[in-house]
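Protein chains in written order, with the working numbering: chain A, 1 to 351; chain B, 1 to 513; chain C, 1 to 325.
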């Protein structure tokens, strides 16, 4: 669209208005993310004090390596939540991604170059179907993604008869278990991924539009934003990320099962929520999602190191979500009293 | 009136702030028993906040309220009702999914001996209540959501009266009513019952007919409190607006470009709520649209950007017939709607002001899809002078701005998106006086540059003061088209109420906005 | 009668889609009966009801929360705790009624916590109930880390046997329907619908939206607990993860039955029909000879279609309303 120059108008005297309210140096939207990072740090430091062997370089890098799965998965989930939706098929798609890449390569590297794109495309395709259901047919995201998860689980079950797939292509296994210049490949991958994710969500034009649609769907409609197209795209990306997570998991575990992703579904939602995003959409910087994912992965490792039973793990995880929600709401009230209106800095510059 | 007796309601030094905006600034007034006091003020002067404070919807920051000498601090509606304060809200407080009968008796519908709400009983009771208040054309079992706006307003009003309150707040009660006499007789009867009424309206004729006293708010402060009879229209108006009538609308010379193709031309438009509408807007022209609630204006504006379906008719932009199927398509043609509901259809509450303005053209400020903040700022600053939006507001969240500044941002966005034809739907609703002036200036500047404006307003003096021509809608069709020379508030009102003087149209009872 | 009130009558008969669901149920039962002759026998119906009652109860509890405009993921968690508590203590000193009371108390407590966080602190219900779901699953695992335990015969008989020749599950569902009708016509019921349909207006009309939502969550917690209790009787032992798969079916039953996921429309009667539809669906697929691992696919697809169908009446109503302005 050609831009039209605004008409030149005589400059009039600016009428003095009420001065804007004092703004803190860091956008208040980032505060939850920073707090979560701090909590992660405290967790690690606490563990190091409790058991000195915990603080070794290997141990710390191991934590970061295992964080990759949740980081990748929660980005896609975060985009969908940003629009006010949810992706409950994530767990199944992760399993499908892993099974597919393992099944297509069958333990050799030959087919890897085609297996990976094929897997990613298929998983994005599942996301696309979700997106069409939610964006075009206007079905409720909760049920749509839950049902499509079940459906595709059934399809995959039918194809594979439930067996696990192994072995996985060696190159993939090597990637997940070795490194370059002392840093494991997965960590380098995570850094690159986080940078790309942040650029997309908080710095791109499309990301800006996602925030707009999420915060005010009615205004998005009146303005003529491509709501349906962006909705479909967000769900497709979520499917893509889930597929990618599956591929990485398959490489890490050297095998793939259909339900290996189910343990990541709830944490992917939790990571987004803990990071400060509202489930109703329209808010929450990517940094928050990343902080949430990092925190939950670290927590998971710590709990394993402490040999918590599964029951205790669940209680801790669930409790963390509730505490994070309480803290967020407490802070919202605090903000209201001290800083008056919240300054959401989306696209404003400080994120 | 007994001067020595204590006032029924004493409102003292009440303040209420919402973030950067002061809604009520040290407001004090009194209500005597059995009197009707008018409450006047422009949009955004603080009237609805005052109503909310008295009704228990919000709590004031400071100040005291006393009823019958005893402190009154309602935290919820129930508290207010317990002290016999009842409200008919401007934004109706009825639940559309429930029936009239249930709504009338919320929150405590009558229960039978089993503790269950008996539909038959409450409908019978509701029928009685409606009849006692002179309403015979509403069925108690009808769902409120199925009723047209005028009837819903009646139900809201009946509910407020049915509590036989000591203090009754009526907030713009005649906005959708076609029969005002009905309300006036209810008020007369309530006065005989020693009810005091606070009557909020911007219609001077009603205030004069009903109220003995009036209080005028401007920018959150009380600026006048006196007997109505002692005030002239000009005194009232200038207290409300802060300047005299003549100053507000300086009639500029016409900017219309003769001989050029009309920017927008509409012929034989028919759709839901619209019945055979045709008009054109030339470059440089401001065409006004007037009409009471629900006469098709909302449908018309929405249809022009593809948000409301059309059955037949043609739309031509700059002489070229087009089919506008979506707001996106409309925008590409230069037709941009500034909608009625700012909060839900105009603003992106999660974004900053700058992001709100740049959104339609954000791709232009991006390289490789990544937003370049400097380019974005440059783009936005090409339009903010036109609306006089101070640039220090750009970095703030748009929800921190006052209503007037928010509206300016939305207008700036429309300009930046390349508008040739602006469709403004009640753009100065909820906008303070200063911002209104800036908006009028922006409108004139826009048409001076060759743009066209179609502009719906509920403020008749805006229409009279700004428009080159005015279309009056009645029941989905154009009841009349007035040239500038013929424009006056009386003529507009007459046509809008369906009194002929212009073309007569066949009645279309299903037409709603 | 004016046009508007006639419209209201038709609307209430259509009852937000539960009539459509009932028709669907009849059709599917018909298909099922054609392929499986014993379907309509006393045994067949009793068997069907046995399979349905837990889901029917759980989905009914969920309906209460959805009606007032919120979401709730914690149902399966409360059911799990109920199940393991009964399995571990039923042979002990509490006795059957003591067991039931304990389980109800737990359900009310969880519901109360959810309700408090959502209604009084204003937290998002999806996130809160996600957190409490995970916590409840953890508690269930702590109480009973692996499937085991035992449910006394008294309880098993009471819940899945016959009471004077009427199958207990049928009685349970009938009682649920009856209690629902009482609630629907009580002041609290009216409040639930009002808050779900239009919360700001409900508040301006004088309703206490907070206590209404809290009540909805507490009631649903109690009903989930009952579902867990009945579940224990059905499977005869404890399994902390047995309720995991219920979440989808609970929501499907609610949506198929015509309750709007946005609140304010629908009801438990529709949900009960929805739960029956899902049960009959499984039976029907089996009777039609659909292979086991294809049932998932059919479940998913048919669920989406049925939900589409169930929510259709909402769209029709809204479209018609829009046409009237």
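Just so you know, even glycine gets a beta-carbon here, dropped at the ideal spot from N, CA and C.
This structure is a prediction, so every number in the text was calculated from the model and none was measured.
key: Range of the contiguous alpha helix (DSSP H) that encloses residue 477 of chain B   = Membership of residue 477 of chain B in any alpha helix (DSSP H) is not indicated; the residue belongs instead to the beta strand (DSSP E) covering 477 to 483.
query = Using a Cβ cut-off of 8 Å, which residues of the region 207 to 236 of chain A contact any Cβ in chain B, in chain order?
reply = Listed in sequence order: 208, 209, 211, 212, 214, 215, 216, 218, 219, 220, 221, 222, 223, 224, 225 and 226.
query = List, in order along the chain, the chain A residues whose C-beta lies closer than 9 Å to that of residue 349 of chain B?
reply = Under the 9 Å cutoff, chain A gives 215, 216, 219, 282 and 344.
inquiry  = Starting from residue 16 of chain B, trace the beta strand (DSSP E) in both directions and tell me its first and last residue.
reply    = 9 to 18 is the extent of the beta strand (DSSP E) around residue 16 of chain B.
inquiry  = Residues in the same chain with beta-carbon distance under 6 Å from residue 153 of chain A, minus the five sequence neighbours each way, listed in chain order, please.
reply    = 92.
CB contact flag (residue 231 of chain A, residue 135 of chain A, <8 Å) = Yes, these two residues count as a Cβ contact at 8 Å.
key: Backbone secondary structure at residue 246 of chain B - three-state DSSP   = Legend: pLDDT at residue 246 of chain B = 49, less than 50; position of this residue unreliable, value from coordinates given subsequently. Helix, per DSSP.
Secondary structure of residue 59 of chain B, DSSP reduced to three states = Secondary structure at residue 59 of chain B: coil, using DSSP grouped into helix, strand and coil.
inquiry  = Starting from residue 30 of chain B, trace the beta strand (DSSP E) in both directions and tell me its first and last residue.
reply    = 21 to 31 is the span of the beta strand (DSSP E), which, as asked, contains residue 30 of chain B.
request  = With a threshold of 7 Å, establish whether the CB of residue 304 of chain A neighbours any heavy atom of the ligand ATP.
outcome  = Judged by which ligands are present, the structure shown has none, so any question about the ligand ATP falls away.
key: Neighbour list for residue 206 of chain C in chain B, Cβ cutoff strictly below 7 Å   = Here the neighbours are 77, 78, 81, 106 and 107.
Secondary structure of residue 256 of chain B, DSSP reduced to three states = Taken through DSSP and simplified to helix, strand or coil, residue 256 of chain B comes out as coil.
query = For residue 299 of chain C, which residues in chain A fall below 9 Å Cβ to Cβ?
reply = Simply 147, 150, 151 and 154.
request  = Reducing DSSP to helix, strand and coil, say where residue 84 of chain B ends up.
outcome  = Coil at residue 84 of chain B, not helix or strand.
ask   = Of all the options C:84, C:264 and C:255, which has the alpha carbon lying nearest to the alpha carbon of residue 276 of chain C?
value = Among C:84, C:264 and C:255, the Cα nearest to that of residue 276 of chain C belongs to C:255.
message = I'd like to know whether the C-beta atoms of residue 190 of chain C and residue 129 of chain B end up nearer to each other than 8 Å.
response = No, the Cβ-Cβ distance between residue 190 of chain C and residue 129 of chain B is not below 8 Å.
query = What is the residue span of the alpha helix (DSSP H) that residue 136 of chain C lies within?
reply = First-last of the alpha helix (DSSP H) with residue 136 of chain C: 125 to 143.
inquiry  = Restricting to runs no shorter than 4 residues, where is the alpha helix (DSSP H) found entirely within the region 383 to 447 of chain B?
reply    = 384 to 387 and 403 to 416, all fully within the region 383 to 447 of chain B.
Beta-carbon proximity list for residue 246 of chain A, same chain, < 8 Å, skipping 5 on both sides = Excluding residues within five positions, the ones whose Cβ falls inside 8 Å are 93, 94, 95, 96, 97, 98, 99, 100, 101, 119, 123, 256, 260 and 261.
query = Is the region 153 to 161 of chain C touching the region 64 to 79 of chain B in the sense that three or more CB pairs, one from each, lie closer than 8 Å?
reply = They do not touch, by the three-pair rule.
ask   = Would you call residue 392 of chain B buried or exposed, if buried means 16 or more other Cβ atoms sit within 10 Å of its Cβ?
value = With fewer than 16 Cβ atoms within 10 Å of its Cβ, residue 392 of chain B is classed as exposed.
key: Neighbour-count burial assignment, residue 202 of chain B, 16 or more Cβ in a 10 Å radius   = It counts as buried.
key: Own chain residues within Cβ distance below 7 Å of residue 132 of chain A, not counting five before or after   = The beta carbon of residue 132 of chain A lies closer than 7 Å to those of 232 in the same chain, with the five residues before and after it left out.
query = Helix, strand or coil: which one does DSSP assign to residue 115 of chain B?
reply = The answer is coil: DSSP assigns residue 115 of chain B none of H, G, I, E or B.
message = Can you give me the C-alpha to C-alpha distance between residue 244 of chain C and residue 189 of chain A, rounded to a whole angstrom?
response = Computed Cα separation, rounded: 34 Å.
query = Which same chain residues, not among the five before or five after residue 77 of chain C, have their C-beta less than 6 Å away from its C-beta?
reply = If we look at residue 77 of chain C and ignore the five residues flanking it on each side, its Cβ neighbours are 133, 136 and 137.
request  = Check each candidate in B:124, B:144, B:105 and B:208 and name the one with the smallest Cα separation from residue 187 of chain C.
outcome  = The residue with the shortest Cα to Cα distance from residue 187 of chain C is B:105.
request  = Quick one: using the 10 Å Cβ neighbour count with 16 as the cut-off for buried, is residue 268 of chain B buried or exposed?
outcome  = Within a 10 Å sphere around the beta-carbon of residue 268 of chain B sit fewer than 16 other beta-carbons, which makes this residue exposed.
inquiry  = Strictly under 8 Å for the Cβ-Cβ distance: is residue 246 of chain C near chain A by that measure?
reply    = Chain A places no beta carbon closer than 8 Å to that of residue 246 of chain C, leaving this residue out of the contacts.
query = According to the neighbour-count rule (16 or more other Cβ atoms, all chains shown, within 10 Å of its Cβ), is residue 180 of chain A buried or exposed?
reply = Exposed, because fewer than 16 other Cβ atoms sit within 10 Å of the Cβ of residue 180 of chain A.
query = Under 8 Å between C-beta atoms, does residue 219 of chain B make it to chain A?
reply = So no, residue 219 of chain B is outside the interface.
message = Please list the terminal residues of the continuous beta strand (DSSP E) segment that includes residue 218 of chain B.
response = For residue 218 of chain B, the enclosing beta strand (DSSP E) begins and ends at 213 to 218.
query = Looking at the unbroken beta strand (DSSP E) that takes in residue 265 of chain B, where does it start and where does it end?
reply = Going by DSSP, residue 265 of chain B is part of the beta strand (DSSP E) stretching over 264 to 271.
inquiry  = Taking CB distances under 8 Å as the criterion, tell me whether residue 132 of chain C reaches chain A.
reply    = Using a CB distance cut-off of 8 Å, residue 132 of chain C counts as an interface residue toward chain A.
message = Taking the beta carbon of residue 35 of chain C as the centre, do at least 16 other beta carbons fall within 10 Å, making it buried, or is it exposed?
response = Flag for residue 35 of chain C reads exposed.
task = Could you check which residue in C:150, C:89, C:261 and C:223 has the C-alpha nearest to that of residue 234 of chain C?
result = Minimum Cα distance to residue 234 of chain C is reached at C:150.
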